[in-house]
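The structure appears right after this line, and notes come after that.
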Amino acid sequence: MSGGDGNEEFYRQLQLQQQLEAEGGEGEPESDPFTYVDPADGAAYEWDREKKAWFPKITEDFLATYHANYGFHADETDTSSAAGTATESKQPVSSKTSGTQPSANEKGPKQTDPKQKSEKRKLEPGWFHVEEDRNTNVYVTGLPPDITKDEFVQVMSKCGIIMRDPQTEEHKIKLYKDKEGNLKGDGLCCYLKRESVQLALRLLDEAEIRGYKLHVEVAKFQLKGEYDASKKKKKCKDYKKKLSQQQKQLDWRPEKKDGATRMRHERIIIIRNMFHPKDFEEDPLVLNEIREDLRTECEKFGQVKKVLIFDRHPDGVASVSFKEPAEADLCKLTLNGRWFGGRQLSAETWDGVTDYQVEETAREREERLKVWESFLGDPDAKEQQKASDSDS
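Quick note: the UniProt record's numbering has the sequence shown finishing at residue 392, numbered continuously throughout.
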């Protein structure tokens with residue numbers, strides 16, 4: 001419907017509509033003024049008096065084409081009833097002989113409520129089938145009648161990592177019992193990876209435990225009774241926590257032993273009486289030698305992260321930082337009371353508060369700069385300074 005002919009036809013339909021409204025719906029037109037057929041593609045349109053616009057006319061052919069294009073398959077009864085309703089609601093009727101003209105209050109075909117569509121799409125709760133390539137459960141029979149959960153976990157862990165419940169943190173295993181509460185000798189184990197199932201079938205099947213021969217097979221679940229949604233466990237919404245737990249299970253690093261958490265300052269030990277501040281005034285390179293000797297000796301007890309020499313402290317203090325507190329404890333026990341350069345050392349754990357850094361005074365700074373300037377100005381100044389110190 002385009003061009004000048006289309007506009008003329010459109011205005012003609014509007015004039016007919018206004019004429020019918022003025023006459024109060026009396027008289028029967030020669031043709032249906034509310035229906036227009038596009039000569040280009042043969043599509044039928046009908047006039048909506050409420051919205052003042054043309055809309056595609058819904059017929060059985062239109063519904064069939066719509067369903068074929070969008071892949072919607074409904075019951076035949078629903079389709080026929082919808083088509084009949086659409087035809088009856090949209091098709092105009094003659095004035096007096098066959099009825100009245102469609103009034104402004106009449107509406108088109110009923111549209112389905114979006115809420116009803118969403119409710120129809122929701123699947124009803126019920127049993128579901130576990131795909132074979134995703135089934136990580138194994139069923140074990142022939143277990144000793146007095147086996148415990150810990151022993152069962154220890155046996156099944158030989159073939160892979162057992163999945164843990166994200167809420168209870170317990171291994172996903174089950175030992176079946178009879179009505180009296182006694183173990184029946186069979187159990188279920190859920191692995192984290194599918195490869196563990198194949199390994200369990202190859203290694204644990206026909207194996208013996210305390211004289212009992214085991215039989216291992218892939219678990220097959222059977223439906224018993226009707227589905228009860230109230231017995232279903234609630235899903236854990238913290239998926240990131242669940243993922244981190246699985247990644248932690250797949251980590252090859254050994255688990256940390258349970259115990260009290262050590263403080264960070266317990267990784268640092270303080271060693272006293274290693275030197276005298278005047279030792280560095282005579283030869284500043286001695287500081288580097290002491291630092292390297294101390295690092296080499298402490299690396300025998302663990303990984304050393306940092307070695308500090310407090311060259312201005314009157315007690316000759318040095319600190320050594322280890323990676324683990326246990327390494328610092330071992331070094332402290334070994335170096336405490338040991339002799340180094342003719343001095344007996346004293347080692348202790350840092351309290352985390354004391355600052356052993358000693359700032360030089362203004363007088364000490366001036367003396368140090370004078371010595372340095374004289375050293376730079378005269379290469380023999382150092383020897384002269386030593387000679388003057390020895391004479392005094």
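Note that CB positions come from ideal geometry on N, CA and C, so glycine has one too.
According to DSSP, residues forming a beta bridge with residue i
| i | result |
| --- | --- |
| Ile173 | Cys189 |
| Phe275 | DSSP output for Phe275 lists no bridge partner at all. |
| Phe55 | Glu46 |
| Phe340 | Arg343 |
| Tyr356 | BP columns for Tyr356 are empty, so no partner. |
| Tyr36 | Tyr45 |
| Phe322 | Val304 |
| Val138 | Cys189 and Val218 |
| Ile309 | Ala318 |
Rounded C-alpha distance that separates residue i from residue j
| i | j | result |
| --- | --- | --- |
| Leu203 | Thr136 | 16 Å |
| Arg365 | Glu266 | 34 Å |
| Leu308 | Ser319 | 5 Å |
| Trp339 | Phe301 | 18 Å |
| Leu376 | Pro277 | 22 Å |
| Asp205 | Glu170 | 25 Å |
| Trp54 | Ala43 | 12 Å |
| Lys90 | Ala68 | In this prediction, Lys90 scores a pLDDT of 44, lower than 50, which makes its location untrustworthy; the coordinate-derived value is nonetheless stated afterwards. Those two C-alpha atoms are separated by around 22 Å. |
| Val153 | Ile271 | 48 Å |
| Lys179 | Ile268 | 60 Å |
| Asp293 | Gln344 | 16 Å |
| Met156 | Tyr176 | 16 Å |
| Glu282 | Trp372 | 12 Å |
| Lys370 | Arg363 | 11 Å |
| Ser196 | Glu299 | 41 Å |
Buried or exposed (CB count within 10 angstroms, at least 16 for buried), residue i
| i | result |
| --- | --- |
| Gln263 | For clarity, residue 263 is Met in the given sequence; the question names Gln instead. Exposed is the call here. |
| Ala40 | exposed |
| Ala347 | buried |
| Gly25 | Note on Gly25: pLDDT 45, under 50, position unreliable in the model; no value is reported. |
| Val216 | buried |
| Leu143 | buried |
| Ala200 | buried |
| Glu328 | In the sequence as presented, Glu is not what sits at residue 328; that position holds Ala. Buried, because 16 or more other Cβ atoms sit within 10 Å of the Cβ of Ala328. |
| Trp47 | buried |
| Trp350 | buried |
| Leu214 | buried |
| Tyr191 | buried |
| Leu335 | buried |
8 Å contact criterion, which residue i and residue j should meet: CB distance rounded
| i | j | result |
| --- | --- | --- |
| Met163 | Lys172 | 5 Å |
The ligand ZN heavy atom lying under 7 Å from the CB of residue i
| i | result |
| --- | --- |
| Gln154 | By its list of ligands, the structure shown contains no ligand whatsoever, and the ligand ZN lies outside what it can speak to. |
Beta-carbon gap between residue i and residue j smaller than 8 Å
| i | j | result |
| --- | --- | --- |
| Gly316 | Asn273 | yes |
| Gln18 | Pro33 | no |
| Lys332 | Lys305 | no |
| Val140 | Gly187 | yes |
| Gln13 | Tyr36 | yes |
| Val358 | Phe310 | yes |
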